[in-house]
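Take a look at the structure set out below.
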Amino acid sequence: MSQQTQNIMKKISLNKVVLNIGVGKSGEPLEIAKAALGQITEGKPNKRNAKKAQRDWGVRKKEPIGIMITIRGKDATTLLKKLLEAKGNEIKEKSFDNEGNVSFGILEHIDIPGIKYDPNIGILGLGVSVSLVRPG
76 MSQQTQNIMK KISLNKVVLN IGVGKSGEPL EIAKAALGQI TEGKPNKRNA KKAQRDWGVR
136 KKEPIGIMIT IRGKDATTLL KKLLEAKGNE IKEKSFDNEG NVSFGILEHI DIPGIKYDPN
196 IGILGLGVSV SLVRPG
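If you count the sequence shown from 1, you need to add 75 to reach this note's numbering.
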């Protein structure tokens, strides 16, 4: 009886990993960001549109200005390990929120293991959001 049993309802698991690159304008930079996310995840990224117009920046409403992709399951676990390795396996405490999510940024996508520099893409930064869940 010295061995304590863990409550399975308290087990934390990975729900999804979301990668986002905000380019700020459509056209060629958006396609470059799409190629970079495709290289990282080997998936098909989605375009994200501007919610409202920003006249000073030359952005119109509903103009595609960002790229994102959501990864779930075992692919998410392996991708998260790579992303954490690019971050030095350290996450700041302020990166966690009260709902069980973690967000952090990667300054250069070539820091991710397995990603090589491509002169056609260049160097891009990206945001990573991780959703953790418990049963119930």
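Glycine included, C-beta positions come from ideal geometry on N, C-alpha and C.
For isoleucine 142 against leucine 182, the beta-carbon gap comes to about 17 Å, at or over 8 Å, which does not count as contact. DSSP places isoleucine 115 within a helical segment (H, G or I) once states are collapsed to three. In the same chain as serine 206, and ignoring 5 residues on each side of it, the C-beta atoms closer than 6 Å to its own belong to Asn90, Lys91 and Asn176, in chain order. When secondary structure is reduced to three states using DSSP, serine 101 falls in the coil class, being assigned neither helix nor strand. Contact check for glutamate 160 against proline 188 passes: the beta carbons are separated by less than 7 Å.
For leucine 94, the beta-bridge partners assigned by DSSP are Ile144 and Val203.
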